[in-house]
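Here the protein sequences line up with chains P and S, keeping their order. Converting from the first sequence to my numbering requires adding 435 to each position, the first position being numbered 1. Converting from the second sequence to my numbering requires adding 162 to each position, the first position being numbered 1. Worksheet for the structure shown next.
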Amino acid sequence: MQEVSTQLYCGHCGERLGERTTPGAHPPSSADPPSPGHERCEQRLAMEPPRYCASCRRRMKVQVTPMGWAAECSRHGTLAAGAAS
Amino acid sequence: MTSGYAILETARKQVLHEGRGLREAQILEVLNLPDEAIPAALQLAHEVRIQHCGEDVEVEGIISIKTGGCPEDCHFCSQSGLFDSPVRGVWLDIPELVKAAKETAATGATEFCIVAAVRGPDIKLMNQIKFAIDRINAEVDINIACSLGMLTQRQVDQLAEWGVHRYNHNLETARSYFPEVVTTHTYEERLETCRMVKDAGMELCCGALIGMGETVEQRAELAAQLAALEPHEVPLNFLNPRPGTPLEDQPIMDGKDALRAIAAFRLAMPRTVLRYAGGRELTLGDLGTREGLLGGINAVIVGNYLTTLGRPADADLDLLVELNMPIRELQKSL
Ligand code: SF4
Ligand SMILES: [Zn+2]
Ligand SMILES: [Zn+2]
C-alpha cells in the first residue's frame, strides 16, 4: 500500500477538495481541514472503495473481492484494504 | 395467537400450513400493511422460513471477474459502459480469483459466484470461466455459481457440464417496469435464459432489485413473476443509487418498505433461498440485518459486493452465531 502524500481530490466524486465551500481559495493542501463539502463522500467511502486518485484525479482501476479491495492509479500506485492488499 | 390482520391470518393458513405462496393481490396486501403490522408480518415470514427451509443460513461470496464496460444500459448499474460512471473496466486474473475463493470458503461459505459485466459471454470469457472453475475445484471446497448475462443454449449446456451448479440471472424488476430501467434487452430475453438454466438442471438464482421508483403494485407483480419461475434462490437487492447512472438521484428506499418487501417475498416464495444482497447496509443498517434474518431471509452475501463494500464478514457471521442460525453445510452437487 502506497502512502498518498497530497489529498487534492475527493476519492469518491473526483472534485478538487475545498472547492465546494471556498471557491477561489488557495489550492488545497494536506494542511487544510478535511474535505469541506465532501462529508457525504467521506461517508460513502466507508462503504465503497475510492474511484479517483486523491493526488491526480485519474480514475483508478478498482478490484473488489469478498474480503478486500485494491485501487490502482497508473501514476501513483495502489491503495488497498483487507485481503486484496 | 392472531395478528389482527386478515392477510396475515390468511397467510398463516395458506403459506405456513399448506405451503402455498401468496398470489399477487395478496402480496400487495402485505406490502400495504401499516407500520404497526410489520413485526407480525416478519414474525410470520420467519416461521414460514423455519418451517419450509429450516434453520440454517446459506452463505455466499461474490466476485467480479470482469468489471465495467458492459454494453447494456441497466439504469441502476455502475458497470454499464454507456453512463458516465467512475467504474473502470478491469479483469481479475485467475490466481486472484482462486485466492478469493479460498478466503470465501474460510468464512464457512458454501457458494462462490463468479460474475461478469457483459451482455452475454464470448468465447474468451467462457474459456476464462472454464479455467477458473478447474483451478477452484482443484484447490477449494466450494460450490461454484456464475452470473454471465444472457446465454445461448450451447453456453448453458457447457456451464452445466463444467459443474456450475447455480446460475444467476435476475429479473430485477416487474415486467411492466422493466422498459423504464433497461432498453438494450427485453424481459423476455431474461426469462429465456432463466428457463434454459432450469431446463439444463442447474439451480436458478433469480433476483430482484427494488427501490428503483417502481410502484408498490409493481413490487407485488415482481414477487409474483419471480414465484412463477420457481427459482432456487432469490437475491433481494435494494437500490444503492450509483453516481453517473440514470438512477443516481433516486432516494434511498425507506427501511420499513424494505422490511415489508422481505416479509412479502418470503410469503410469496416459502421454499426459496431468500438472500440479502446489495444495498441492505444503506437501506436497513445493522438493525435491519437482524430484523431481516428474523423475518424470512435465510441467506447472506458475506463481505463485499461487486463494486461496493458490504458489512465486515465477521459482523454477519457473529450475528448468525448470536441468532443460533447454523451456516448451511457444503453439499457438492457434482
Ligand atoms: S447487464 Fe449487468 S453489468 Fe451490464 S449494465 Fe446490466 S446489470 Fe450492469
Ligand atoms: Zn467528494
Ligand atoms: Zn494518481
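For glycine and all other residues, C-beta sits at the position ideal for the given N, C-alpha and C. Predicted model, so just to flag it, every value in this text is computed and none were measured.
>> Measuring straight from C-alpha to C-alpha, what distance separates E491 (chain S) and T272 (chain S)?
In response: 7 Å
> Roughly how many whole angstroms lie between the Cα atoms of A203 (chain S) and R422 (chain S)?
Replying inline: 8 Å
> Is the beta carbon of G369 (chain S) within less than 7 Å of some heavy atom of ligand 1?
Replying inline: no
>> Tell me which residues share the same chain as L480 (chain P) and place their Cβ nearer than 8 Å to its Cβ, disregarding the 5 neighbours each side in the sequence.
In response: Leaving aside the five residues that flank L480 (chain P) on each side, the residues in its chain whose CB is nearer than 8 Å to its CB run, in chain order, G446, H447.
> How long is the line joining the alpha carbons of S226 (chain S) and P403 (chain S), rounded to whole angstroms?
Replying inline: 19 Å
>> Could you check if H447 (chain P) belongs to the surroundings of ligand 2, using beta carbon to heavy atom distance under 7 Å?
In response: yes
> What are the boundary residues of the beta strand (DSSP E) that includes I291 (chain S)?
Replying inline: Here I291 (chain S) belongs to no beta strand (DSSP E); instead the alpha helix (DSSP H) covers 285-301.
> Using a Cβ-Cβ cut-off of 7 Å (strictly less than) and excluding sequence neighbours within five positions of C368 (chain S), which residues of its own chain qualify?
Replying inline: Closer than 7 Å at the Cβ level, and outside the excluded window around C368 (chain S), lie H331, N332, L333, C356, L388, L391, P393, V396.
> With a CB to CB cut of under 8 Å and the five nearest residues on each side skipped, what residues in its chain are close to M364 (chain S)?
Replying inline: Around M364 (chain S): V318, L321, A322, V326, H327, R328, Y329.
> Of all the options S:V252, S:V302, S:Y438, which has the alpha carbon lying nearest to the alpha carbon of A267 (chain S)?
Replying inline: S:V302
>> Classify Q315 (chain S): buried if its beta carbon has 16 or more other beta carbons within 10 angstroms, exposed otherwise.
In response: exposed
>> Distance cutoff 8 Å, beta carbons only. Does R250 (chain S) sit that close to anything in chain P?
In response: yes
> Can you give, in chain order, each stretch of the beta strand (DSSP E) that sits fully within the stretch 387-422 of chain S and has at least 3 residues?
Replying inline: 395-400
> Does E443 (chain S) get closer than 8 Å to chain P when you measure Cβ to Cβ?
Replying inline: yes
> What does V465 (chain S) reach in chain P if we use C-beta pairs closer than 7 Å?
Replying inline: Note on residue identity: the sequence assigns Gly, not Val, to residue 465 (chain S). Near G465 (chain S) (Cβ distances below 7 Å), the residues of chain P are P501, M502.
> In chain order, what residues have a CB nearer than 5 Å to some heavy atom of ligand 1?
Replying inline: S:C232, S:E234, S:C236, S:C239, S:Q241, S:S242, S:A279
> When burial is assigned at 16 or more other CB atoms within 10 Å of the CB, is W504 (chain P) buried or exposed?
Replying inline: buried
>> Rounded to the nearest angstrom, what separates G243 (chain S) and V497 (chain P) at their Cα positions?
In response: In a straight line, the C-alpha of G243 (chain S) is about 15 Å away from that of V497 (chain P).
>> Here's a check: name, in chain order, each residue in its chain whose Cβ is nearer than 7 Å to the Cβ of I489 (chain S), leaving out the five neighbours to either side.
In response: D218, V219, V221, G270, L482
> Excluding sequence positions up to five away, which residues of its chain have a Cβ less than 6 Å from the Cβ of L254 (chain S)?
Replying inline: I227
>> With a threshold of 7 Å (Cβ to nearest heavy atom), would C476 (chain P) be considered close to ligand 4?
In response: Because ligand 4 does not appear in the structure shown, any question about it cannot be addressed here, the ligands present being ligand 1, ligand 2 and ligand 3.
> Taking buried to mean at least 16 other C-beta atoms within 10 Å of its own C-beta, is E477 (chain P) buried or exposed?
Replying inline: exposed
> T346 (chain S) by DSSP, collapsed to three states: which one?
Replying inline: coil
> Just the Cα atoms here: how many angstroms apart are V464 (chain S) and I291 (chain S)?
Replying inline: 22 Å
> If we ignore side chains and look at the alpha-carbon of each, how far apart do P341 (chain S) and E350 (chain S) end up?
Replying inline: Approximately 11 Å between the Cα atoms of the pair.
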